[in-house]
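The working numbering applies: residue 4 is where the sequence shown begins, and numbers increase by one.
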Amino acid sequence: MKQNIVILGTQWGDEGKGKIVDYLSKYSSYVVRFHGGHNAGHTLVVDQKKIVLHLIPSGLLHPNVIGIISNGVVVSISELVKEIEMLKKNNFFIHQRLFISDSASLILPFHIAMDIAREKTLGINAIGTTGRGIGPAYEDKIARRSLRVGDLKNEKKLSLKLEKIVNYYNAQLVSIYKDKSFDYKVILKDLLKFKNIINDMITDTNIILYEAIKNKKMIIFEGAQGSLLDIDHGTYPYVTSSNSTVGGVITGTGVGPKSLDYILGVTKAYSTRVGNGPFPTELFDETDSYLSKEGNEFGSTTGRKRRTGWLDGVALRYSVQLNSLSALCITKLDVLDNLKEIKICIAYQNINTLEFHTSLSCNNLENMKPVYEVYPGWMKKTSGIKKIEDLPKAAKNYIKCIEKIAGIPVDMISTGPDRNDTILVRNLFL
Ligand code: IMP
């Protein structure tokens, strides 16, 4: 029995982790968001209704699950309240089922202004951030000047800290970026209003998780973004500002590594990337248009068109290694249903060498050309298939090839956006 499961993206995000977290949550007691913020966009389809969550753990759509936003997350209280209201409207009630770490850092309006102002100044060298203030909020955390969720409980302290940090940001926004300044009193008023809504949720989430592990409750740790966007191991500087690899679970929750039983890497059957930065298997031809359209590859947070490409086996091996992955879950297999042939990158051609194993963090990826193996497509509908035996032979072959490249088994396959369009290849719960 796998008690504690980590679910991570192996690519540049948007692998469909939200659906997988939601699917596995029916077996679990807790679901934890441990890093990132409302830059994430987890799309779920429940009873044909589409729900997009940015901050609230995806598993919370199951009524018996308790959701945790732990210390590693950067929290925009206004976005959180918006999401709580949206769920209420859709008849999902989270009262006494969502807890937020008092140690999580806050994202405040000036972080968003700074993120946007910096991206504008960078011009063609922009990172292509989601404009949600993620980078500046994590900078404040590391610089030890963050306002944290726990600060909301002490109005006087909050006011003093807020005035100081607003002065710090105003100086830069006005003089360097010729932007408008913020009035800390306006931000304070909003914070106090939102705090009243979430007051009961603010707590020491370390203790909740410690007790849960002691009592052998099943916990899912829900990754956001993907391993190749990790601040340390991703395609720097075109990355997000948190650790989206497995290390982020440890620092972002206070749970030790020995408590993690199973680490599932979610991999789209092809590749996508939003924002700028290297993408060795990127496509610019009619297959790009096909994947965009069939896969509905538009960002769920920003609506931007995602860049598309073939599955990158070198990057996949790197993610397996970075995260000690136990197994893979392949998503969006059905998107490939109408392709005559499917390619997988098995190595990078460097100037004089073939690279099968390489770090994508500091390599000069622009000089690497993908080397492909070509597989026949299946040209049959797989969408909605629920058993591995029912997949076309060529699709099974494609899955086997991914297993061989990654060196780990494929335990799950997703064949459509609905919760039920899922193949459990191996019973994870034995
Ligand atoms: P930031 O996280 O908003 O600072 O953006 C940094 C990079 O990560 C940009 O390329 C974003 O497009 C990308 N990014 C951030 N969150 C996600 C996500 O949830 N899915 C895919 N890409 C993301």
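Cβ atoms here follow ideal geometry from the backbone N, Cα and C, with glycine treated the same way.
Judged by the Cβ position, T270 fails to qualify as a neighbour of the ligand IMP at the 6 Å threshold, every heavy atom of the ligand being at least this far. With a minimum length of 3 residues, the unbroken runs of beta strand (DSSP E) contained wholly in the region 99–170 fall at 101–104. Just measuring C-alpha positions, the residue of N430, D337, K407 sitting nearest D424 is D337. Residue burial annotation: G21 is buried, with at least 16 other C-beta atoms found within 10 angstroms of its C-beta. Contact between V34 and S61 is confirmed by a C-beta separation of about 7 Å, below the 8 Å threshold. Taking the C-beta atoms as reference points, V258 is found no nearer than 7 Å to I23. In terms of Cβ geometry, V323 and K346 do not form a close pair [threshold 7 Å].
The way I'd put it, the region 119–127 doesn't touch the region 217–228; fewer than three beta-carbon pairs between them come closer than 8 Å.
Taking 6 Å as the cut-off, the C-beta of Q228 counts as close to a heavy atom of the ligand IMP.
Checking the 6 Å criterion, the Cβ of L232 is within range of a heavy atom belonging to the ligand IMP. About 14 Å separates the beta carbon of T304 from that of G19, a gap too long to meet the 8 Å contact definition. Pairing T238 with N209, the inter-Cα distance amounts to about 31 Å. From the listed residues P283, T311, T256, the smallest Cα separation to A350 is found for P283. DSSP places M415 within a strand segment (E or B) once states are collapsed to three. Distance from the C-beta of A43 to the nearest heavy atom of the ligand IMP is below 6 Å. Under the Cβ criterion (8 Å, minimum of three pairs), the region 390–400 does not count as touching the region 296–314.
In the assembly as shown, S292 is an exposed residue. Its beta-carbon has fewer than 16 other beta-carbons within 10 Å. The region 164–177 makes no contact with the region 68–85, as fewer than three CB pairs between them are under 8 Å.
Distances from the CB of I130 to the heavy atoms of the ligand IMP include at least one below 6 Å. With a threshold of 6 Å, the Cβ atom of I137 counts as near the ligand IMP, since some heavy atom of the ligand is closer than that. Rounded to whole angstroms, the gap between the alpha carbons of G138 and K396 is 45 Å. Spatial neighbours of D105 in its own chain (CB-CB distance under 7 Å, excluding positions within 5 residues in sequence) are listed in chain order as R151, V152, G153, I205, T206, D207. For the 7 Å CB-CB criterion, F37 and G255 form a contact.
In the structure shown, G255 falls within a helical segment according to DSSP collapsed to helix, strand and coil.
Within the region 265–347, the complete alpha helix (DSSP H) segments of 4 residues or longer fall at 289–297, 316–326, listed in chain order. Following the DSSP letters along the chain, one finds N7 inside the beta strand (DSSP E) bounded by residues 7–12.
A residue is called buried when at least 16 other Cβ atoms come within 10 angstroms of its Cβ; K29 does not meet this threshold and is exposed.
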